[in-house]
């Protein structure tokens, strides 16, 4: 239990490091919180993050332990562990949209029962107590009528929740996990008839290359964990634009063109996340067989890329249909989303394939190599697109060149974000191509 928890801290901790300032900065600036208060607030955020990771790790460990008595059940458990996050996200956004209505019906006191309220109130108390705007003691105490719970009560409830979660998980770990031989050691392989898609691939690409493509299809699609990653990425790529479009900024709010770079970056996530470290090589024996054939590594990687490109067609269709229905996109916007979105998905696949080829983890999804592959693939695929915005800032400030103006002259007025997205995708493809080339060379090396 503790080992899997420690293994998840680096990835999720990196996310918290990036997102925490967005949460804390408005509070710190509004009350001019001093250094001690800022340290305490960051401490609450850290405790909340670690407690949440521990609790989610406990829940997913129970699911995986109960289903892990067979290899198929273990695969389904890993898939459910990914889907649980989406199941949690949906009620969270439901609260965001329907919070005013719920507060009118039930009153704000109903939210005092939520652990998230205890953490938020504790941060608010620290900001008010260690303020630099000159609030008097009576004014600080007066915040109690707004927050309902005083600082000691909020802190006690927050700490109690974390300690209770830790104690519950440690107390139940011996009952949940058992070490014994049983059906989990038995492997049953069933061979069925190939479906129409696989037969079509064999007809379109006869010979060894087509056989490699069919093998990639089977290795990837037969695992529920890989399918859950696709579902995870597609849902995130669909939810984020809808949430951003619902935010009112000024009188007009956001339009689709304003956030097209963000949408394309999310499509890159859809392309990179499912294929990073998954379904590539099962063992070193398979690698030696590939190295023993002429141009084996090159043909193996290229067939994988073509297979992923075919899967990417499905990945772009689903978000496009959902976003088109929810955002009422025009025909031109739909075509732009399909074209640039598919290019971003394919670029993410190139990045993940290149990273995984250079550092194969041999189906070990709990190894440091797998975690590194996933993190590097997602970060490179997304930031290679978003990084174009940073290039604009550098060129405009340092070189005094109107980069946006150049893009507008090339792509036309009103199409700046579409042009920035296209330039970002070109950068992503260049990086992905370099990673694939170096990955093939490393895969061909006898020392690998």
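Residue numbers (the working numbering): 10 to 457. Virtual Cβ for every residue (Gly too), placed ideally from N, Cα, C.
Comparing alpha-carbon positions, which option in the options lies nearest residue i?
i: residue 430; options: 268, 387, 167, 66; result: 268
i: residue 325; options: 309, 353, 310, 301; result: 353
i: residue 439; options: 144, 405, 134, 355; result: 355
i: residue 448; options: 174, 367, 311; result: 367
i: residue 68; options: 178, 207, 417; result: 178
i: residue 171; options: 436, 409, 57, 415; result: 57
i: residue 382; options: 364, 144, 181; result: 364
i: residue 318; options: 38, 358, 141, 408; result: 358
i: residue 334; options: 65, 248, 214, 234; result: 248
i: residue 55; options: 38, 131, 41; result: 131
i: residue 331; options: 347, 316, 320; result: 347
i: residue 281; options: 388, 44, 341, 322; result: 388
i: residue 345; options: 424, 128, 221, 393; result: 424
i: residue 393; options: 273, 221, 158, 228; result: 273
i: residue 37; options: 135, 63, 121; result: 135
i: residue 323; options: 308, 230, 342; result: 230
i: residue 143; options: 399, 228, 351, 43; result: 43
i: residue 432; options: 349, 405, 384, 380; result: 349
i: residue 437; options: 277, 139, 284, 321; result: 277
i: residue 121; options: 65, 157, 71, 63; result: 157
i: residue 127; options: 341, 241, 151, 53; result: 53
i: residue 244; options: 308, 283, 152, 418; result: 283
Can you tell me where the alpha helix (DSSP H) with residue i in it begins and where it stops?
i: residue 328; result: 305 to 336
i: residue 142; result: Looking at the DSSP string, residue 142 is not in any alpha helix (DSSP H), and its letter there is neither H nor E.
i: residue 368; result: Unbroken run through residue 368: none, as it is neither H nor E.
i: residue 424; result: First-last for residue 424: undefined, no H or E at that position.
i: residue 224; result: 217 to 230
i: residue 157; result: Careful: residue 157 lies outside any alpha helix (DSSP H) and carries neither H nor E.
Helix, strand or coil: which one does DSSP assign to residue i?
i: residue 40; result: helix
i: residue 382; result: helix
i: residue 407; result: coil
i: residue 344; result: helix
i: residue 282; result: coil
i: residue 211; result: helix
i: residue 123; result: coil
i: residue 152; result: coil
i: residue 446; result: helix
i: residue 61; result: helix
i: residue 30; result: helix
i: residue 377; result: helix
i: residue 455; result: coil
i: residue 339; result: coil
i: residue 302; result: coil
i: residue 361; result: helix
i: residue 275; result: helix
Could you check whether the Cβ of residue i sits closer than 7 Å to any heavy atom belonging to the ligand MN?
i: residue 70; result: As far as ligands go, the structure on display features none, and thus does not contain the ligand MN.
To the nearest angstrom, how far is it from the Cα of residue i to the Cα of residue j?
i: residue 360; j: residue 451; result: 15 Å
i: residue 397; j: residue 434; result: 9 Å
i: residue 444; j: residue 386; result: 10 Å
i: residue 411; j: residue 401; result: 8 Å
i: residue 60; j: residue 169; result: 11 Å
i: residue 369; j: residue 32; result: 37 Å
i: residue 47; j: residue 302; result: 60 Å
i: residue 137; j: residue 149; result: 6 Å
i: residue 312; j: residue 279; result: 20 Å
i: residue 427; j: residue 415; result: 13 Å
i: residue 124; j: residue 174; result: 12 Å
i: residue 395; j: residue 403; result: 14 Å
i: residue 271; j: residue 339; result: 18 Å
i: residue 454; j: residue 441; result: 20 Å
i: residue 421; j: residue 328; result: 27 Å
i: residue 378; j: residue 45; result: 39 Å
i: residue 237; j: residue 362; result: 19 Å
i: residue 51; j: residue 133; result: 12 Å
i: residue 321; j: residue 351; result: 7 Å
i: residue 214; j: residue 227; result: 16 Å
i: residue 296; j: residue 205; result: 29 Å
i: residue 41; j: residue 161; result: 22 Å
i: residue 207; j: residue 216; result: 13 Å
i: residue 30; j: residue 140; result: 18 Å
i: residue 194; j: residue 232; result: Note that residue 194 has pLDDT 47, beneath the 50 cutoff, so the model's placement of it is unreliable and no number is given.
Are the C-beta of residue i and some C-beta of chain C separated by less than 8 Å?
i: residue 299; result: You won't find chain C in this structure, because it holds only one protein chain.
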